[in-house]
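For the sequence shown, my numbering puts the final residue at 731, and the numbers step up evenly by one.
We treat Cβ as the ideally placed atom computed from N, Cα and C, and that holds for glycine.
Quick notes on the structure that follows.
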Amino acid sequence: MATRQDSNREGTLAAVGCVLAVLPILLLLSGAFALADETALQPYVDQILDPLPEDDPVSDRSAATEPLGRRSLSTEFRYYGVDRKDLGRLDEFGLIGQWRRETLNYGELELSGVLRTASSDISLLDEDGSGGNLTFNQYALPIGEAGYLDNTLGLMRSDTTAAIANGYRINLPSSFLNGARTQFVGERNSLSLSYGQVGTLEGRYTQTFDRQDAKLLGVGYEQIVGLGWAAGAQLWSLRDDDDIPDHESVAGFLSWADPGGRQEHILRGLVDSKGSNGFWYDGILRRGAWLHRAGLYRLDPKLLWTDAPISNDQQGVYLRSDLQRLEYSASLGFDLRETNIDDRDDRVGFREAIGFLSLQRRLNRLSSVGATLRLADRNPRDSSGSSARRGYRLDTYLNHRFPLGTGRFQLSWADYDSPGSDRDRFWGLRWDQDWLVRPDLLFRSTLSGQRDEDDLGSARSMEGGLMVQGTPSARLRWSLEGDYVRVSGDRALDTDAVNLRANMDWRFARNWRVGLELNWNSLKLDQQVALFDDRDETSVFFTLGYDLQSGRPIQVLGGTPGDSGGSGAIVGLVFYDDNGDGVQQPGERGAQGISIRLDGRYLRVTRADGKFDFDPVAAGGHSLRLGLEDVPLPWGLLDERPIGVDVAVRFETEVAIPLMRLDQ
68 MATRQDSNRE GTLAAVGCVL AVLPILLLLS GAFALADETA LQPYVDQILD PLPEDDPVSD
128 RSAATEPLGR RSLSTEFRYY GVDRKDLGRL DEFGLIGQWR RETLNYGELE LSGVLRTASS
188 DISLLDEDGS GGNLTFNQYA LPIGEAGYLD NTLGLMRSDT TAAIANGYRI NLPSSFLNGA
248 RTQFVGERNS LSLSYGQVGT LEGRYTQTFD RQDAKLLGVG YEQIVGLGWA AGAQLWSLRD
308 DDDIPDHESV AGFLSWADPG GRQEHILRGL VDSKGSNGFW YDGILRRGAW LHRAGLYRLD
368 PKLLWTDAPI SNDQQGVYLR SDLQRLEYSA SLGFDLRETN IDDRDDRVGF REAIGFLSLQ
428 RRLNRLSSVG ATLRLADRNP RDSSGSSARR GYRLDTYLNH RFPLGTGRFQ LSWADYDSPG
488 SDRDRFWGLR WDQDWLVRPD LLFRSTLSGQ RDEDDLGSAR SMEGGLMVQG TPSARLRWSL
548 EGDYVRVSGD RALDTDAVNL RANMDWRFAR NWRVGLELNW NSLKLDQQVA LFDDRDETSV
608 FFTLGYDLQS GRPIQVLGGT PGDSGGSGAI VGLVFYDDNG DGVQQPGERG AQGISIRLDG
668 RYLRVTRADG KFDFDPVAAG GHSLRLGLED VPLPWGLLDE RPIGVDVAVR FETEVAIPLM
728 RLDQ
């Protein structure tokens, strides 16, 4: 064991040396970029909207001296290390670089690269090794008056138009490819062609492409027909996969939307070359303050789609209605779902019916109340009856704004009955509080307790959490978060769990930024269990970045007026909103691996903590679209439309995207 650890230490030292050797080279390239165009070194400054003091080194520079076309160059060093008690440690080093340039006749050019090396002696983690990838993107290359091209060479997603891939109940997943893609976008149609080698992303905070033998070829087309009608299709052809047979899959859609926005209907279908098929329909109807949704779906058991697993072998129907007014709101709906739709003896399926009703009422300007009732009836499609379950859950809550902040008190009951087995009963109490202390400080606390019991005994749990966030200046953000969970009872192992996290992001000098995140997790059992011991885990995530920005926006006759040419950034978080209040409370975890697209082009994937960022971003209005195919059911968005974001010059715009349960 000692020899193995020594080997890992030597590998780690070699990795550190390699990364530290490359980092100065990239910084020297940054300097060379500056020397080649000294005027490009200084970041863009909007002296009309935000004049600089006279002693600022760039205050006397005219905007006319800025080179034409926005441009940026950035490098970032990343280190992630985790030490697990008695299991080993993982060290991951990464280096990320990105160059972007806006041109007059060739669109926007982007070149990005990633280097990663990791060493681990944790037997459960197979993350040793090094890797890297280089990606070139060209956005909005003009093609006369017909439209423009978006081109990619390198790492990409097997994108399928959102009209096909993203439904309310059925989503088609995408794959990571290393290859080439081009997409023509016209005023009323689009055509895409993709080809690449299938693979996966390796790494925690710095991810590189691990290629496989499979190849994927795709062709997609979308057309706006007119009078609210649109149609499209996507073909994917998979070859040489180790686990999935060679096949072709074709998906298509036909949609109609009322020009007044009162109703939308979209029908999608999927068929593969092995003879399996499926369809799903989603409809939206708006009547006054009501928003009604309805849909049905059926997917054959062996239906194939690229190399990614899809939720086949199911059929169902759903209905949901939402009412939103200033004083009150309501939601109600039901889901009927069935699996093992061919009644095969070698599979276990079920029939499930779920209904829910949610009511919220604003009592006055300080208080509101609400309740959600969820009914469920699940029956197996075999003779065992082992998974049959029916019952209800009721959640009631009160929101009240106190002088010291807003509190949310939630009381929950649940009662489930399994025929021929135990009866499961549950109750819980939760208090979430936002504390008003200072404008630059945010305090959030949570305290909850619950009891779960059946005919064999009971289990009790208590949880407390605290989150503190500070923004003493536009250049510095920090946060502290911790929670403690205690589980006891004759139905559960007596357990104590503690999770602590500290985070800091600081732009400490012009063009320089640093980030630090520290985590400590402890899990202790009052009695030892085979194959499961006490767990202590400590991790650190460190970043050091350097950014250069310059250039004036390219304005052509007929272009958008009032473009100041300044830029800012978008810093976002995607999280699972357990209590449905739209705010991340202590203990609510971030969603990892969710794709986010800015303005339908620029792609980011949420990190292990659910965070993502776009930097730099031109000032003004933009849109973010969540890759719903990456979100596990029953989580999703109540509104799948793109999220509007306004970016201010030289400011970071924060965006929090809560994922809600669609079955309540």
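- Counting along the chain, Ala232 sits inside the alpha helix (DSSP H) bounded by residues 229 to 232.
- Taken in chain order, the complete beta strand (DSSP E) segments of 3 or more residues contained in the segment 492 to 574 are 508 to 521, 524 to 540, 543 to 556.
- Excluding five sequence positions before and after Leu154, the CB atoms of its chain that fall closer than 7 Å to its own CB belong to Ile189, given in chain order.
- From the listed residues Leu496, Asp706, Gln301, the smallest Cα separation to Leu258 is found for Gln301.
- Around the beta carbon of Ala576, fewer than 16 other beta carbons sit within 10 angstroms, so the residue counts as exposed.
- Distance between Asn172 and Trp166, taken at the CA atoms: about 18 Å.
- The beta strand (DSSP E) runs lying completely inside the segment 630 to 676 and spanning 3 residues or more are 634 to 643, 662 to 665, 669 to 672, given in chain order.
- For Phe476, the uninterrupted beta strand (DSSP E) run begins and ends at 472 to 484, by DSSP.
- Residue pairing by DSSP places Ser242 in no beta bridge whatsoever.
- Counting along the chain, the unbroken beta strand (DSSP E) around Thr439 starts and ends at 434 to 447.
- In this chain, the beta strand (DSSP E) harbouring Thr202 covers 196 to 210.
- DSSP, read as helix, strand or coil, puts Glu696 in helix.
- In the three-state DSSP reduction, Asn379 falls in the coil class, being neither helix nor strand.
- Ala356 is positioned such that its CB atom lies no closer than 8 Å to that of Gln381.
- No Cβ-Cβ contact shorter than 8 Å links Ala685 with Arg306.
- Looking at the DSSP output, Asn431 bridges to nothing.
- In the three-state reduction of the DSSP assignment, Ala455 falls in the coil class.
- In this chain, the beta strand (DSSP E) harbouring Lys678 covers 678 to 685.
- In this model, Trp502 and Ala541 are separated by some 22 Å (Cα to Cα).
- By the criterion of a C-beta distance shorter than 7 Å, Arg668 is surrounded in its chain by Tyr206, Asp217, once the five residues flanking it on both sides are discounted.
- Excluding residues up to 5 positions away in sequence, Val638 lie with their Cβ nearer than 6 Å to the Cβ of Asp680 in the same chain.
- Looking at Ser187, Arg168, Phe203, the one whose alpha-carbon comes closest to that of Val181 is Phe203.
- Spatial neighbours of Gly266 in its own chain (CB-CB distance under 7 Å, excluding positions within 5 residues in sequence) are listed in chain order as Phe243, Asn245, Phe276, Asp277, Arg278, Gln279.
- In the DSSP assignment, Ala397 falls within the unbroken beta strand (DSSP E) covering 395 to 406.
- If you ignore the 5 residues before and after Ser179, its C-beta comes within less than 6 Å of the C-beta of Gln165, Thr202, all in its own chain and listed in chain order.
- Taking 8 Å as the cut-off, the Cβ atoms of Thr373 and Leu283 count as close.
- For Gly458 and Gln477, the gap between their C-alpha atoms comes out near 20 Å.
- Here the segment 653 to 669 does not lie against the segment 607 to 619, with fewer than 3 beta-carbon pairs under 8 Å apart.
- Straight-line spacing of the CA atoms in Gly148 and Leu704 works out to 33 Å.
- For the segment 237 to 281, the continuous beta strand (DSSP E) assignments of 3+ residues that do not extend past its boundaries occur at 243 to 253, 256 to 269, in sequence order.
- If you draw a straight line from the Cα of Thr538 to the Cα of Ser589, it is about 29 Å long.
- In the DSSP assignment, Leu704 is bridged to no other residue.
- Distance between Ile311 and Ser340, taken at the CA atoms: about 13 Å.
- Less than 8 Å separates the beta-carbon of Pro240 from that of Glu696.
- DSSP places Lys591 in the uninterrupted beta strand (DSSP E) bounded by 579 to 592.
- Excluding the 5 residues flanking it on each side, Glu530 has same chain C-beta neighbours closer than 8 Å at Thr513, Leu514, Ser515, Gly516, Asp550, Tyr551, Val552, Arg553, Gly654, in chain order.
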